[in-house]
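Visitor: Numbering (this note's numbering), first residue to last: 17 to 449.
Here's a structure for you.
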Amino acid sequence: MSCSGFQGYGSQLDKQAADIHSDKMSGLWQRLAAPYAEGWRVFKNPKLQAQHTIAYSTRDMMKALGLYTNSEERLDSKKVAWNYFIYIQSLISWWSLITGVFASVGDVVSLGRDLAFSITLLFILLRILFIRMHADDLDQVIDVLEEFYRRKPISSAAEEVRATKRFHFLALSVLLTLWTIYILAFCVIKISTPLWMESQILPFHVAWPYELDNPSKHPISYVIIYFFQATTMAFLMIWIGIDENMLGSIFFEMSTALKVLNTELKNLQKFCKGNELLLAKELKRLAQFHQRIIYISDQCNNIFKSTFIMQMIVNFLLVSLSAFEVLVSRNNPKVVVEYLVMISMTLGHLSYWSKFGDMLTQESLEVANAAYEAYDPRFGSKSTNRDIGLIIMRAQQPLNIRGSPFPPFNLENYMAILKQCYSILTLLLNTLE
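Structure below.
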């Protein structure tokens, strides 16, 4: 083969490699944008039904980011290498924040800020570890929820069930979009902080050895650290936002399944039209469906126990610290704005879980009323009445989101946490005065 032939062959290989890389990048962005695009399509077309649950779609987004480490993903050596790179980079980031905490001792405002960001990053690191340990368990839960989503209801309830699923899907799509916008806004604010705050030279306060973070003494290392902080923070914040939406949507999908169950129970007599055999068959099917929802709820609380405990502690600390910093820095509007964003994100996060907890509890209790509506003394046998009684008995124990020994996530306990934060805040302010 001539030299020109080798060159032509080489250029073809380069072109093929470039095309493969381009396809991979295109596929990556498509996977990340898929939930938003599908939400928009469903919103525009009232007759369109989403192909997957939000839990399924956000799990795929996490896989696209390379930080959903189930058994299948761990078989890919490139993804494993990427995982370790992110772990090491995140640990270095956390260590650098801790150096900033020690350097801020004596300055109340700076110390509070550094503690808040150190706690947040520690929460993200532990959540990454949680996903690594329980990704296979989450796969099983999401697969069951996908099965629930595709389950065909009785014909008399079909239209109402379809409307319920569509509304719940759109609600989760809106939440995912709002969280994404909020997180991106926070990232922009933090990355640009050194541009409009003279007292801060980096997005996060650190104290590297040999003053490597000092732009006047080490300009090259300063630029590297700035880039390192900006990219790491943006990636981890986007990842934790997707992760929170995936975990939250799991419980929201259980509420949807309970809502569907209630709808079917209320329409059961209309569907059966006095046919006792059909009534017995459908009641048995619905009783089994109810039992599966209860089992999945218990399984999720067992899987999420450690992360729920951590979440409750972190939310409590962040709300208290951020509110304290706002009051201490009330004469500095720039600092106040920064912490108001952090407070709103923390309270939004807590409200998000509390509302989902309330929905799950309310829908689980409503099952008893729906089952009672399925009872008609004119029709049925001892067997069907026993199944109705069984459903009512199971519904007496409400389902909830909780990490024992802490109380469940609901709006009542949410207000209790805010009251405790206010008490601690008052104590800290009195101590300073």
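Backbone N, C-alpha and C fix where the C-beta goes; we use that ideal spot for every residue, glycine too.
Taking the alpha helix (DSSP H) that D403 belongs to, which residues open and close that run?
Guide: The residue you call residue 403 lines up with position 387 of the sequence shown. Here the alpha helix (DSSP H) through D403 covers 398–410.
Visitor: For E298, count neighbouring Cβ atoms within 10 angstroms of its own Cβ and tell me buried if that reaches 16, exposed if not.
Guide: On the sequence shown, position 282 is the one that residue 298 refers to. Buried.
Visitor: If we count Cβ pairs, one from each stretch, closer than 8 Å, do we get three or more for the segment 230–238 versus the segment 291–305?
Guide: Not touching, per the Cβ criterion.
Visitor: Buried or exposed for P349, please, with buried defined as at least 16 other CB atoms from any protein chain shown within 10 angstroms of its CB.
Guide: Stepping through the sequence shown from its first residue, residue 349 is reached at position 333. Per the 10 Å Cβ criterion, exposed.
Visitor: Quick test of your reading: M262 and A71, contact by CB under 8 Å. State the CB separation rounded to the nearest angstrom.
Guide: Here residue 262 refers to the residue found at position 246 when the sequence shown is read from its first residue. Here residue 71 refers to the residue found at position 55 when the sequence shown is read from its first residue. Indeed they touch by this definition, with Cβ atoms about 6 Å apart.
Visitor: Return yes when at least one heavy atom of the ligand FAD lies under 8 Å from the C-beta of R301, else no.
Guide: For the ligand FAD, the structure offers nothing, since it holds no ligand at all.
Visitor: In angstroms with no decimal places, state the Cα-to-Cα distance between L295 and C288.
Guide: Stepping through the sequence shown from its first residue, residue 295 is reached at position 279. Stepping through the sequence shown from its first residue, residue 288 is reached at position 272. Their backbone Cα atoms lie some 6 Å apart in a straight line.
Visitor: Quick one, which of L277, N347, N331, V352 has its alpha-carbon nearest L381's?
Guide: Taking the first residue of the sequence shown as position 1, residue 381 is located at position 365. Comparing Cα positions, the closest option is L277.
Visitor: Output the residue ranges of the alpha helix (DSSP H) runs that lie fully inside the segment 210–288 and measure 4 residues or longer, sorted by chain position.
Guide: Segments of the alpha helix (DSSP H) lying fully in the segment 210–288: 235–282, 284–288.
Visitor: My understanding is that L274 touches E162, with C-beta atoms under 8 Å, so please give their C-beta distance in whole angstroms.
Guide: Here the question's residue 274 lines up with position 258 in the sequence shown. Here the question's residue 162 lines up with position 146 in the sequence shown. With 8 Å as the limit, L274 and E162 do not qualify as a contact, their Cβ atoms being about 16 Å apart.
Visitor: For L406 and V157, I'd like the C-alpha separation in whole angstroms.
Guide: In the sequence shown, residue 406 corresponds to position 390, counting from 1. In the sequence shown, residue 157 corresponds to position 141, counting from 1. Whole-angstrom Cα-Cα distance: 25 Å.
Visitor: From the DSSP output, in three-state form, read off R178 for me.
Guide: Residue mapping note: residue 178 aligns to position 162 of the sequence shown, counting from 1. Helix.
Visitor: By the three-class DSSP mapping on this structure, what secondary structure does P51 have?
Guide: Counting from one through the sequence shown, the residue named residue 51 turns up at place 35. In the structure shown, P51 sits in a helix (DSSP, three-state: H, G or I).
Visitor: In terms of residue numbering, what span does the alpha helix (DSSP H) encompassing F101 cover?
Guide: Here the question's residue 101 lines up with position 85 in the sequence shown. Counting along the chain, the alpha helix (DSSP H) containing F101 begins and ends at 93–119.
Visitor: Along the alpha helix (DSSP H) that carries L81, what are the first and last residues, could you check?
Guide: For the purposes of this step, residue 81 is identified with residue 65 of the sequence shown, where counting begins at 1. 70–81 is the extent of the alpha helix (DSSP H) around L81.
Visitor: Using 8 Å for Cβ pairs, my map puts M249 next to S313. What's the rounded Cβ distance?
Guide: Numbered from 1 along the sequence shown, position 233 holds the residue referred to as residue 249. Numbered from 1 along the sequence shown, position 297 holds the residue referred to as residue 313. Not confirmed; about 34 Å, so no contact.
Visitor: Apart from the five residues just before and just after S338, which ones in its own chain have a Cβ nearer than 7 Å to its Cβ?
Guide: Looking up residue 338 in the sequence shown gives position 322. The residues are A132, Y355, M358, I359, T362.
Visitor: Just confirm the distance between the C-beta atoms of R182 and Q67, as a whole number of angstroms; I'd bet it's less than 8 Å.
Guide: Residue numbering aside, residue 182 sits at position 166 when the sequence shown is read from its first letter. Residue numbering aside, residue 67 sits at position 51 when the sequence shown is read from its first letter. So it is not a contact: roughly 13 Å between Cβ atoms.
Visitor: In whole angstroms, give me the CA-to-CA distance for T74 and D259.
Guide: As a position in the sequence shown, residue 74 is number 58, starting the count at 1. As a position in the sequence shown, residue 259 is number 243, starting the count at 1. C-alpha separation (whole angstroms): 7 Å.
Visitor: Counting beta carbon pairs with one atom in the segment 107–122 and one in the segment 182–202, are three or more of them shorter than 8 Å?
Guide: Short answer: they don't touch.
Visitor: What three-state label does DSSP hand Q23 in the structure shown?
Guide: Residue mapping note: residue 23 aligns to position 7 of the sequence shown, counting from 1. In this prediction, Q23 has a pLDDT of 48, which is less than 50 and means its spatial position is unreliable; nothing more can be read from the coordinates.
Visitor: Once the 5 residues before and after F251 are set aside, which same chain residues still bring their CB inside 8 Å of it?
Guide: Counting from 1 along the sequence shown, the entry for residue 251 is found at position 235. Result list for F251: L81, I102, in chain order.
Visitor: Can you tell me where the alpha helix (DSSP H) with R129 in it begins and where it stops?
Guide: Here residue 129 is taken as the residue at index 113 of the sequence shown, counted from 1. Where R129 is concerned, the enclosing alpha helix (DSSP H) stretches over 124–166.
Visitor: F425 by DSSP, collapsed to three states: which one?
Guide: Position 409 of the sequence shown, counting from 1, holds the residue named residue 425. If DSSP states are grouped into helix, strand and coil, F425 belongs with coil.
Visitor: DSSP state of K300, grouped into three classes?
Guide: Within the sequence shown, numbered from 1, the residue matching residue 300 stands at position 284. Three-state result, K300: helix.
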